[in-house]
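Before any comments, here is the structure.
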Amino acid sequence: MSKFDKEQILRTSGVNVLKCMRCGKCSATCPSYDEMEYHPHQFVYMVEKGEIDKLMNSPSIYKCLSCFACVERCPRGVEPAKVVEAVRLQVIRKQGANHMTPDDIPALLDDDLPQQAIVTAMRKYSK
Amino acid sequence: MQDVKTFKPKIVAFCCNWCSYAGADLAGTNRLNYPADVKIIRVPCSCRVNPMFILRAFQRGADGVILCGCHPGDCHYTSGNYYARRRMTLLFSMLDYLGIEKERTRVEWVSAAEGAKFAATMNEFVKTVTELGENKRLEDLRCKK
Amino acid sequence: MQRIGVFVCWCGSNIAATVDVKAVSEALGHEPGVVFSTNYQYMCSEAGQNIIKDAIKEHHLTGVVICSCSPRMHEATFRKTVAAAGLNSYMLEVANIREQCSWIHKDKAEATEKAIILGRAAIAKVQLNAPLTAGESPVTKRALVIGGGIAGIQTALDIADAGFEVDIVEKQPTIGGKMTQIDKTFPTLDCAACILTPKMVDCAQNDKINIYAYSEVQEVKGFVGNFHVKIKKKARYVDTTKCTGCGECTEKCPMKKIPNEFNLGLDNRRAIYIPFAQAVPKVATIDPDHCNMLKNGKCGLCAKVCSAGAIDYKQQDQIVEREYGAIVVATGYNPIKLDDYDEYAYSLSKDVVSSLEFERLTNAAGPTGGTLLRPSDGKHPHTLVFVQCVGSRCSAEGKGKSYCSKICCMYTAKHAMLCREKYPDTEVYVFYIDVRSPGKNYDEFYRRAVEEYGVHYIKGQVGKVVPRSDGKLMVQASDLLSNEQLHIEADMVVLAAAIEPDKSARPLATMLTASMDTNDFFTEAHAKLRPVESPTAGIYLSGACQGPKDIPDTVAQAGAAASKVIGLLAKDKLTCNPCVAHSDEMMCNGCSSCEKVCPYGAISYVDKEFRMPNRTTAIRRVAQVNEAVCQGCGACTVACPSGAMDLKGFSNSQIMAEVDAICKM
Amino acid sequence: MIFSYYPGCTLKNKAQDLDRYARASAEKLGVTLQELENWQCCGGAFSMGKDEIASKLASVRALNAAKEQGQDLVTLCSACHNVLKQANDAMANDAEFSDHANNYMQLDQPYRGETKVIHYLELLRDVVGFENVKKAVVNPLKGRKIAAYYGCLLLRPGKVMQMDNPENPRIMEDFIRAIGAEPVLWANRNECCGGYAVMEDKKIAQKKSTAVMENAADMQADTLVTACPLCLYNLTKNASGEHRLPVVYFTELLAEALGVKD
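Printed below as a string of structure tokens:
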């Protein structure tokens, strides 16, 4: 199961996790670090080791802001954000695994909330 | 045309001693694969390559000929690669006129430090020539075994 | 018909594992002209060479083909071998079945087939080889060293010590290079100036050494033993023979706000300046970009105060032409620009500095007199964060350098240690990816920083530095071992910027026709066995122009380069490359096509009398090659319309024979 | 000068000011913005999955529409710009994705990333020129100290966006100078505001927006400008703490300086 997941994640993300030199700059720059159980550098390392289940079951996958700071600042061009996204896609692509549904939206609205926030969240959290 | 899968092209690569031949050596040192169809002839400089050599290769049944030299400005003999570039431009346009696909000939600049580029160039060239198939137009049938 | 011997080398398993060497020697043994064929484990070994020598004698061989590693590796070795057996050393061809066959192919049958074809091509070529005799050329017994840093200085001193004349060309107004800017040196912590400035003085006082400071190499012609070089001495607007270096002018010059390069812009200098007190030569230089007199014709104050009358506003650049036998490149390095790494806020805060700037801030001759003060407010910093690998070890497609800059781990340990030693009230953090300290007493040095000086080494990187209006720098970093994101309130951040070759190296390499790697470091002739020679004969490499190096390595390499130069200059004559152009006078029609393409001017024309039919004679103009000047590129051979010009060792018929052999599969 | 223009969903709704002032200013500067017909929402975020096809097609359609018009495409909302630019890059450089998308869309001519996508700021810098913006200013914002907030979407990934140096940008600072104000330099100008995560976890949006706001205020700015409706929302609604600077769209200040703010 895990082996298939790893391959799928590598394919979806297009990331070569072997390029990582374990400097930790992704996690140093991550704005969501404190919110995450597994941090960007761990995503890269755990995918390399094939520990996909732990990542898939972690709320960390919904904490990435897709701000690309880790992608921009990684000296090795590893693009950790793409790994996080690929793990999340692996989860939410499964039937009934949406993290957010349209029914959740009304409760989150306020007068100023831009549409952009809603469509982005739906794109990130559901299929 | 022969089956693309079994067709093994004959490819002659002229490499200058200072940059490209050393680049080919570096590709070897780094164990970077490219097809065995490529056979290298060492020349002191890309400007040593007489257009005659290339015509001779095609006449004798080569399917592709590639000439590698130092990058422009980096020639060991200062300006040899510029001569080579000009001569080959003329030769290739003549070959084009004769109906030889221009993809069968190529000039590439590979430095002594570019083993990876050498291997990548050869892989790509062999692929291109393999897709073109056998060179029949210039081959001298008397040379055929 | 030649009597050819074929020798196939196994190279241990390097060749034999993928090429069936026995099959190769068997197959090549049946080629026309081949009278002997064998294979052996290591042809280059003494036993292997003896096999070749014995076979030459026993079988009366006239030509030898060796199927082995690249001719760039052992052609010279085997040439000596065949010569020792009495054969002309150019009756040898090497088929490259290692680098260009066994190492790149996996399929044994395929590799074996290719090896046989390469062998056949070499046999076809050697059939047409003719004995060649190398000419000789004289050696100019003077060396040129380009770059006057510690590398150039050491090389020049060692060459001069052996009794040869040597010139140093340095583009800055003084020799000394980067080492003059450094405060202390690892791992012994001796003061850089104390060990460098005596060497600078030695250079100045040595009558074998001539220093062209504030000068640049403009043109290089010629070849090993006989280089002809044009050096541009830039106008200093100061007569160096009169200037006493008293410094009166630099006190009085009214242009005060010019960033001082020597202190990396951390303070200012005047338009007329002496870089630092121990400069060699210690003479003033006027910066033409900022001098009012030179720009607008107004001022002239320095001329008024100069009691030696050394100021000369009309001075012009001067071109000096000199002959050299050998050239040493010692162009050194620079830290990279930090513009692309502004997540560390280098452009936003003066208190984020590069390591070299930090070096000036702790140097007694620096802008703060050696007291560590923050550049922004001149206050004493309490918390310092050092960031390693800024721009080093990056992926090749990104913005940084793909190599390790090698010196940063050690100088950072030094900086951190010195901080703690001089200011025990400071907290010092070093963020590292790996601490690389292989070198004599290096790891011990780094451990002392941790164990004795209490420097906090943290495995992780800094991701962002946010300067605050109160002068604090908010450092956000990862601590990988405790799996935490750290937030440190720092007073200074020091970036260990990657180092890169000096920008002058690339155009110089073009002038010297010396090769460089993709990072613009000079390439050595052999990565292991000829580390201080360029593949271009007569060009030697000293110091960081060849790759990142610390001072001990640089000095060692500088000495090695000097010894190679001495070895060359000690010879009276050099053996030339006999593979030079040759014109068949009977075929030459004197058209001058070859002369026009020759980059060396090796071709001239003579009027020669030829016998014609019916006992008449005629005078014809024919090309002649000066074999001592010809470098054997072959440009003329292709330009020649009548086919009169050919290249020895790479003749038209030889190359055609190779083509035929390869195509005949 | 006529450009195709992609406003995006938020500019038709909560961020009408961003759009309105941009159009008025463009007109003043002699640039015509032609809104694409039948544009669809870009989806707010570019799906980083290489095998995600459908979610990127709306962007590709917009890009292709501009190509058919023969015009460069101007964007304004940071998110739309980011998504369109990344989609365009994938169409040009990711052959597998590009083939799939083209197969799916069955266009007359395959689309391979031919359209040039420029942000409104790039329009000002590269087409109009900040010098000419400066000349057109009738009401320079003298004495204002303005902090440019880039956020993450305008600059990253730098390889694709290619608007400016992603770590040391100056395009907005130059813009601020052009309209007569003084730019404030500050480090958090390219740090995230919390973005869409506000939907999932308000705390993080509060934390991140506060850090951004505090840094701008600390560096003595009086106003923050942005090109992103979501940044504006997070900074105005979710930044807490004592410092609460006004956050406005850069086009509003432009219109003000050009004298076209109604």
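Heads up: the sequence lines are chains G, D, E and V, in that order. Mapping of the first sequence onto our numbering: position 109 corresponds to residue 109, and the numbering continues sequentially without gaps. Mapping of the second sequence onto our numbering: position 96 corresponds to residue 223, and the numbering continues sequentially without gaps. Mapping of the third sequence onto our numbering: position 317 corresponds to residue 589, and the numbering continues sequentially without gaps. Mapping of the fourth sequence onto our numbering: position 122 corresponds to residue 1059, and the numbering continues sequentially without gaps. From the three backbone atoms N, C-alpha and C, an ideal C-beta is built for every residue, glycine too.
Start-to-end residues for the alpha helix (DSSP H) that takes in residue i
| i | result |
| --- | --- |
| K823/E | Reading the sequence as shown, one finds Ile at residue 823/E and not Lys. I823 to L841 is the extent of the alpha helix (DSSP H) around I823/E. |
| V119/G | Q115 to Y125 |
| D715/E | Y714 to E723 |
| A916/E | From DSSP, A916/E is part of no alpha helix (DSSP H); its letter is neither H nor E. |
| H41/G | P40 to K49 |
| P162/D | Taken as a continuous stretch (DSSP letters only), P162/D belongs to no alpha helix (DSSP H), as it is neither H nor E. |
| C195/D | No alpha helix (DSSP H) holds C195/D; the beta strand (DSSP E) holding it covers G191 to G196. |
| P470/E | A464 to Q477 |
| G904/E | Looking at the DSSP string, G904/E is not in any alpha helix (DSSP H), and its letter there is neither H nor E. |
Same chain only: Cβ atoms within 6 Å of residue i, ignoring 5 sequence neighbours per side
| i | result |
| --- | --- |
| A69/G | T29 |
| D130/D | Only weak support is given to the placement of D130/D: the predicted model assigns it a pLDDT of 49, under 50, and the value that follows is read from those uncertain coordinates. Counting only Cβ-Cβ distances below 6 Å, and skipping sequence neighbours, we find nothing. |
| D856/E | A916 |
| M128/D | Reliability of the predicted coordinates at M128/D is poor, the pLDDT of 45 falling under 50, and the value obtained from them is presented with this limitation in mind. Correct list, in chain order: G260. |
| P1103/V | L1092, R1093 and G1095 |
| Y125/G | H99 and M100 |
| A149/D | A239 |
| I608/E | G663, A769, A770 and E772 |
| N1019/V | L1090 |
Identified DSSP bridge partners for residue i
| i | result |
| --- | --- |
| L1091/V | Beta-bridge pairing links L1091/V to no other residue. |
| V1185/V | V1162/V |
| V366/E | I338/E |
| N498/E | F495/E |
| E595/E | H500/E |
| A1085/V | V1162/V |
| I222/D | Looking at the sequence provided, one finds Leu at residue 222/D rather than Ile. Answer is none; L222/D lacks a bridge partner. |
| L416/E | D439/E and I599/E |
For residue i, the first and last residue of its enclosing beta strand (DSSP E)
| i | result |
| --- | --- |
| I811/E | I811 to L813 |
| M527/E | Careful: M527/E lies outside any beta strand (DSSP E) and carries neither H nor E. |
| G277/E | I276 to C281 |
| M764/E | M764 to A769 |
| V1070/V | Per DSSP, V1070/V belongs to no beta strand (DSSP E); it is in the alpha helix (DSSP H), F1067 to A1073. |
| A140/D | I138 to C143 |
| R508/E | R508/E -> no beta strand (DSSP E), and no H or E assigned at all. |
Contacts around residue i, its chain only, beta-carbon distance under 7 Å, and the 5 residues preceding and following it disregarded
| i | result |
| --- | --- |
| T405/E | P850 |
| I823/E | I422, M451 and T457 |
| V1077/V | The identity of residue 1077/V in the sequence shown is Pro, whereas the question assumes Val. Only I1116, G1117 and A1194 meet the Cβ criterion. |
| H39/G | S27, C30 and Y33 |
| L948/V | L955, D956, L1013 and C1014 |
Sequence-distant residues of the same chain with beta carbon closer than 8 Å to residue i, five excluded per side
| i | result |
| --- | --- |
| L999/V | With the sequence shown as reference, residue 999/V is identified as Ala, and Leu is not the correct amino acid for it. The answer, listed in chain order, is Y943, L973, W976, Q977, C979, L1010 and L1021. |
| E298/E | S309 |
| E7/G | none |
| L1044/V | N1001 |
Proximity test, residue i beta-carbon vs the ligand NAP heavy atom, cut-off 7 Å
| i | result |
| --- | --- |
| M273/E | Questions concerning the ligand NAP fall outside what the structure shown contains, since it holds no ligand whatsoever. |
Unbroken beta strand (DSSP E) runs of length 3 or more, entirely within the segment 1015-1053 of chain V: which are they? none
Would you check if there are 3 or more beta carbon pairs closer than 8 Å linking the segment 567-583 of chain E to the segment 771-789 of chain E? no
The segment 799-817 of chain E in contact with the segment 496-504 of chain E per 3-pair CB rule at 8 Å: yes
Three Cβ pairs or more, each shorter than 8 Å: is that satisfied between the segment 38-51 of chain G and the segment 81-93 of chain G? yes
Could you tell me which uninterrupted alpha helix (DSSP H) segments, each at least 4 residues in length, are contained entirely in the segment 639-698 of chain E, listed from first to last along the chain? 680-694
At what residue ranges does the segment 279-349 of chain E contain a whole run of the alpha helix (DSSP H), taking only runs of 4 or more? 293-301 and 318-330
May I ask you to verify whether the segment 887-902 of chain E touches the segment 182-195 of chain D, counting CB pairs closer than 8 Å and requiring at least 3? no
Quick one: any contact between the segment 167-185 of chain D and the segment 904-918 of chain E, if contact means 3 or more CB pairs under 8 Å? yes
Whole alpha helix (DSSP H) runs in the segment 953-1022 of chain V with 4 or more residues, listed along the chain? 953-965 and 991-1006
Three or more C-beta pairs below 8 Å linking the segment 593-606 of chain E and the segment 501-521 of chain E: yes
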